[in-house]
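Protein chains in written order, with the working numbering: chain A, 402 to 681; chain W, 402 to 681.
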């Protein structure tokens, strides 16, 4: 596995590979790799000849400096896991390499970016769109593989790619969960045992909505959200938001539209903020 | 010359050409082609195997609906001139093709975009950056050729390309002038004889600054701007702005820095707004 830290070197290597007709699949990450990332790499392997993984804790998508500072980092372990999982090139730029002095550009997807995570984390998706756009210009991948745990991010980036006619096909990979059902997240390592129990209420709440829809035929989202809120609040976790929205527009729905609906949750346990979702 | 109106068809044709190793030079325009554009096409011809010209009156860069409505359009004449000048492909999309329902994405270069033209035309450069970024993804050119009459636009787009690591080399072409010295602009056809005389005060003012700097050694920008304002105001044209700025930061300078300075002017004559500049 090549480890590349400079943009120019990454471009040179990847353009050579492309000119030989080799296809590229790209997995953007912020490091602290876990089995969810490993699954993304597996999917990328199936898609293309060459798998590029980026590791970059992007400061512009953190609205909270403390969250940025506490974000887990372990480059050595990440590179080991990436190599074992079959990554061909790890792109690991510094902040200065990605945002040199005088950097002024941003990309944004209006409306979709200001709700849900965007409402709780102002500027978050502007940071995500900008860094992903830059990475796409550097890597020029045929495929980009993203986790569906970040459902809103997936919808926004699909919109960005479509609006700007970018030649990269997006693939969303279903959330990988730990044994107890907690969605794999780099932030899980920050949880105490008690906080972890509280965080698990998200998973229980999502299972509960499936039960209510499928076994009891409840489609009214007000009723479903009441059940979700009750499960979360009983656990002691602090609910940030619970919404049931269209997968395409991310607008709240009055009634579940089967196949096209997300239940989206965000909670705080102590200083850690976690998200989870399910598709109905 | 191929005339292509669909994004998918343009991509297909151009990717085939690229895969054969042919280089592409791109000239983005809003049509109403004049000798200034012809010069851009000539420069593009020298750069690459294939010249692509886009003709698209981009609504999102007009802050004034009346300006958009009055903007001159003559597709037939444009295509004739493009073919004669040696364009290989004219890309002429509709507004619906470029901005389908649900389009939400924008790109922006902060700071540089909010001053000068950006202050007079809020949102103008956001519109320019967004449409150029989209066109670059469609065309994937090796070179993009732009006129330096739009000096601020050139600086902003160079910044956009650098910040986002886009593999396109930018070339700026010096302003082409009509016989009397008026910079070629698609809007010149909208001028009455009297307005044209007033508009010419920009050219006289720019020549005056060169005279004052070169023959009289005046470098203090306050003194130079006073002379510029006097020439414009005497003509009866309404001065929008006159500024002497750094070519890189577009920040006002106290003293001319030879080689790195722009004198930038914008005036209104009747309902027509025109810009011009010179580099010192």
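From the three backbone atoms N, C-alpha and C, an ideal C-beta is built for every residue, glycine too. Please read all numbers here as calculations on a predicted model, not as lab measurements.
Query: Across the segment 447-455 of chain W and the segment 470-478 of chain W, are there enough close Cβ pairs to call them in contact, namely three or more that are closer than 8 angstroms?; Result: no
Query: Output the distance between the C-alpha atoms of residue 541 of chain A and residue 631 of chain A, rounded to the nearest integer angstrom.; Result: 46 angstroms
Query: What in chain W is Cβ-close to residue 450 of chain A, meaning under 9 angstroms?; Result: Within 9 angstroms Cβ-Cβ: nothing; residue 450 of chain A doesn't reach chain W, min ~16 angstroms.
Query: Does the beta carbon of residue 506 of chain W come closer than 9 angstroms to any beta carbon on chain A?; Result: yes
Query: So the alpha helix (DSSP H) residue 639 of chain A belongs to, where does it begin and stop?; Result: Where residue 639 of chain A is concerned, there is no enclosing alpha helix (DSSP H), although the beta strand (DSSP E) it sits in stretches over 639-647.
Query: Does residue 473 of chain W come out as helix, strand or coil in the three-state DSSP assignment?; Result: coil
Query: Which same chain residues end up closer than 6 angstroms to residue 445 of chain W when comparing Cβ atoms and leaving out the 5 residues on each side of it in sequence?; Result: 426, 428, 452, 546
Query: Can you tell me where the beta strand (DSSP E) with residue 427 of chain A in it begins and where it stops?; Result: 425-430
Query: Quick check: the Cα distance between residue 402 of chain A and residue 569 of chain A, rounded to an integer number of angstroms?; Result: 23 angstroms
Query: So with Cβ pairs under 9 angstroms, would you call residue 493 of chain W a contact of chain A?; Result: no
Query: Using a C-beta to C-beta distance shorter than 7 angstroms, which residues of chain W count as neighbours of residue 683 of chain A?; Result: With chain A covering only 402 through 681, there is no way to say anything about residue 683 of chain A.
Query: Taking only beta carbons into account, state which residues of the segment 507-526 of chain A come closer than 9 angstroms to chain W, listed in chain order.; Result: 507, 508, 509, 510, 511, 512, 513, 514
Query: Candidates A:677, A:671, A:669, A:433: which alpha carbon is nearest residue 663 of chain A's?; Result: A:677
Query: Flag residue 503 of chain A as yes if its beta-carbon sits less than 9 angstroms from any beta-carbon of chain W, otherwise no.; Result: yes
Query: Taking only beta-carbon positions, decide if residue 541 of chain A is within less than 9 angstroms of chain C.; Result: No chain C appears in the structure shown, which is made up of the protein chains A and W.
Query: Classify residue 462 of chain W as buried or exposed, calling it buried when 16 or more other Cβ atoms lie within 10 Å of its own Cβ.; Result: buried
Query: Would a C-beta distance cut-off of 9 angstroms place residue 539 of chain W and residue 530 of chain A closer than the cut-off?; Result: no
Query: Specify, as a first and last residue, the run of the alpha helix (DSSP H) that residue 498 of chain A falls within.; Result: 496-499
Query: Mind checking residue 502 of chain W: buried by the 16 CB within 10 Å criterion, or exposed?; Result: exposed
Query: Can you tell me which of the three DSSP states residue 526 of chain A falls into?; Result: helix
Query: Please report the residue range of the beta strand (DSSP E) in which residue 389 of chain A lies.; Result: The question about residue 389 of chain A has no answer here: the residues shown for chain A are numbered 402 through 681.
Query: Can you round the beta-carbon distance between residue 596 of chain W and residue 636 of chain W to whole angstroms, since I take them to be within the 8 angstroms contact cut?; Result: Between residue 636 of chain W and residue 596 of chain W the Cβ distance is about 10 angstroms, and since that is not below 8 angstroms, they are no contact.
Query: Taking the alpha helix (DSSP H) that residue 420 of chain W falls in, what are its first and last residues?; Result: 408-420
Query: At which residue ranges does the segment 558-639 of chain A contain complete alpha helix (DSSP H) runs of 4 or more residues, listed in the order of the chain?; Result: 594-600, 602-615, 622-636
Query: In three-state DSSP terms, what is residue 434 of chain W?; Result: coil
Query: What are the partner residues of residue 653 of chain W, as DSSP defines its beta bridges?; Result: W:646
Query: So residue 581 of chain A packs on residue 601 of chain A, CB below 8 angstroms; how close in whole Å?; Result: 6 angstroms
Query: Report yes or no: do three or more beta-carbon pairs, one from the segment 637-647 of chain A and one from the segment 514-521 of chain A, lie closer than 8 angstroms?; Result: yes
Query: Could you spell out the range, first to last residue, of the beta strand (DSSP E) harbouring residue 519 of chain A?; Result: First-last for residue 519 of chain A: 518-521, but that is the alpha helix (DSSP H), not the beta strand (DSSP E).
Query: Check for me: the beta strand (DSSP E) holding residue 548 of chain A runs from which residue to which?; Result: 544-548
Query: Taking a contact to mean a Cβ-Cβ separation below 9 angstroms, would you say residue 648 of chain A touches residue 609 of chain A in this structure?; Result: no
Query: Here's a check: name, in chain order, each residue in its chain whose Cβ is nearer than 7 angstroms to the Cβ of residue 408 of chain W, leaving out the five neighbours to either side.; Result: 494, 498, 539
Query: Give the straight-line distance between the Cα atoms of residue 454 of chain W and residue 411 of chain W, rounded to the nearest whole angstrom.; Result: 11 angstroms
Query: Please list, in chain order, the chain W residues whose beta carbon lies closer than 9 angstroms to that of residue 408 of chain A.; Result: 566
Query: With DSSP as the reference, please indicate the residues paired to residue 468 of chain A in a beta bridge.; Result: Note: residue 468 of chain A sits in no beta bridge, so no partner.
Query: With distances taken between CB atoms, is the gap from residue 513 of chain A to residue 556 of chain A smaller than 9 angstroms?; Result: yes
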